[in-house]
Ligand code: SF4
Ligand code: SF4
């Protein structure tokens, strides 16, 4: 970290000692998992910089914006229509929940058999570890799964939390409910920021966030090349950073990174040799700094070429239509776009199975690793259907259930190595 931000963290009410320990762990992880990679891209300097300043410069920017009267809104799920937050003059940050460090604090209020993501966000709040969390004027939760739904009730005891009701099915009546929820959120963010959302501000927000999605789509399509030009770890990090960096800066920087990748692809250069086994990850989101499985896969002689995940393609596949000319038209477009999200919380969720198979074929993968967090019923149960559909197409699958701890690293490594060893060329 370039400057001393201690005073800022103190003012935010962080537990300085515990926060220091978190930064140390994060720094060590990042060094081992990222900086040790060979042949990294020039554009990765942006990733290294953002990560090294994740609790510094970006938080300072948020504090400065708050001093100018802006409101910061935190989210945990890609179902929250960010467009409305930006259109109301707010700043949206995706609150990461990918570290084990607050687990003890979380287990004082949550059952042990709760998924690591939920424990992580409760733990971060209870242990006062996350400056993004502490910068938020409002946190938006959603009723996606039962664990989150109930955890938000507890979270609400520590600060303002607003919960969106997410439908569980995709029938016409569910769309009606979802549209009502989108409009309810519009009112809430207008009330928070004191700004009225106009057709112009909403149109600008739609275009800004579509641009961010487009640049991520471009990155994903470059990864189709054989040999692939970027490691799965770096690509995951790009997706993770998209949740908290300034969207315009992010789009520009990742555009530059894609230019560099295009050059690599044109010259036939890869980050790994051409015959390296290509793996796709599918399943639960991997929030920063959850790099455990990608590191295991890529240090076992394979490369990850795609993530069928909310920190990945599920978040970037669909754009909001830019054809809506007035407020009503734009709201309809937002409603439609978010209803396409194929989260395992839906039933039935056949689109996801079709999307997984299509993606695996497009990316020409040798195998898919289905990743579920322990105690996550939606993804763990749906893994059966994913596996069956992929195997029908002759694509091998390894199903993994894990959490954020490091206790099972050796076991996972053995399983992943054995799986990669079975993938023929
Ligand atoms: S997996 Fe489902 S609940 Fe989790 S972030 Fe994605 S859409 Fe939201
Ligand atoms: S990983 Fe599964 S259990 Fe955990 S918050 Fe997401 S949907 Fe819920």
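Residue numbers (the numbering used here): 10 to 434. Don't be surprised by glycine CBs; every beta carbon is placed ideally from N, CA and C.
Residue i CB to nearest heavy atom of ligand 1 below 7 angstroms
i: residue 88; result: yes
i: residue 101; result: no
i: residue 350; result: yes
i: residue 222; result: no
i: residue 294; result: yes
i: residue 361; result: no
i: residue 326; result: no
i: residue 346; result: no
i: residue 319; result: yes
i: residue 184; result: no
i: residue 323; result: yes
Distance cut-off 7 angstroms: residue i Cβ against heavy atoms of ligand 2
i: residue 128; result: no
i: residue 105; result: no
i: residue 154; result: yes
i: residue 119; result: no
i: residue 441; result: Look at the range of the chain in this structure, 10 to 434, and you will see that residue 441 is not part of it.
i: residue 124; result: yes
i: residue 157; result: yes
i: residue 382; result: yes
i: residue 354; result: yes
Rounded separation between residue i and residue j - CA only
i: residue 247; j: residue 263; result: 8 angstroms
i: residue 58; j: residue 254; result: 11 angstroms
i: residue 123; j: residue 383; result: 8 angstroms
i: residue 361; j: residue 83; result: 26 angstroms
i: residue 157; j: residue 242; result: 27 angstroms
i: residue 48; j: residue 55; result: 15 angstroms
i: residue 200; j: residue 86; result: 21 angstroms
i: residue 417; j: residue 117; result: 23 angstroms
i: residue 334; j: residue 96; result: 15 angstroms
i: residue 387; j: residue 121; result: 18 angstroms
i: residue 125; j: residue 31; result: 17 angstroms
i: residue 114; j: residue 134; result: 9 angstroms
i: residue 237; j: residue 231; result: 8 angstroms
i: residue 261; j: residue 221; result: 9 angstroms
i: residue 251; j: residue 239; result: 17 angstroms
i: residue 435; j: residue 296; result: Any question about residue 435 goes unanswered here, given that the chain covers just 10 to 434.
i: residue 152; j: residue 119; result: 17 angstroms
i: residue 329; j: residue 28; result: 38 angstroms
i: residue 291; j: residue 395; result: 9 angstroms
i: residue 283; j: residue 433; result: 14 angstroms
Among the options, the one whose alpha carbon lies nearest that of residue i
i: residue 197; options: 349, 75, 93; result: 93
i: residue 41; options: 379, 340, 298, 404; result: 298
i: residue 138; options: 25, 348, 364, 100; result: 25
i: residue 429; options: 307, 168, 410, 222; result: 307
i: residue 192; options: 110, 91, 287, 39; result: 91
i: residue 212; options: 416, 342, 62; result: 342
i: residue 104; options: 75, 97, 117, 64; result: 64
i: residue 365; options: 390, 28, 398, 389; result: 398
i: residue 414; options: 109, 37, 238, 33; result: 109
i: residue 170; options: 194, 155, 36; result: 194
i: residue 167; options: 145, 99, 321, 392; result: 145
i: residue 17; options: 402, 141, 36; result: 141
i: residue 411; options: 13, 130, 389; result: 389
i: residue 461; options: 309, 344, 419, 407; result: Shown here, the chain extends from 10 to 434; a query on residue 461 therefore has no answer.
i: residue 61; options: 130, 273, 33; result: 33
i: residue 161; options: 77, 183, 129, 267; result: 129
8 angstroms Cβ cutoff, residue i in contact with chain B
i: residue 195; result: Given the protein chain composition of this structure (a single chain), no chain B is represented.
Every unbroken beta strand (DSSP E) within the stretch 329-407, with a cutoff of 3 residues, ordered by chain: 376-382
Contact between the stretch 339-359 and the stretch 169-185 (3+ Cβ pairs under 8 angstroms): yes
Pairing CB atoms from the stretch 205-221 with CB atoms from the stretch 270-278, are three or more of them under 8 angstroms? no
With a threshold of 8 angstroms, are at least 3 pairs of Cβ atoms found where one atom belongs to the stretch 317-327 and the other to the stretch 209-229? yes
Sufficient close CB pairs (3 or more, under 8 angstroms) joining the stretch 313-320 to the stretch 371-388: yes
Going along the chain, which unbroken runs of the beta strand (DSSP E) with 3 or more residues stay wholly within the stretch 267-303? Whole beta strand (DSSP E) segments, 3+ residues: 286-292.
What are the start and end residues of each continuous alpha helix (DSSP H) run of 4 or more residues lying completely inside the stretch 207-231, in chain order? Along the length of the stretch 207-231, whole alpha helix (DSSP H) runs at least 4 residues long occupy 208-231, reported in chain order.
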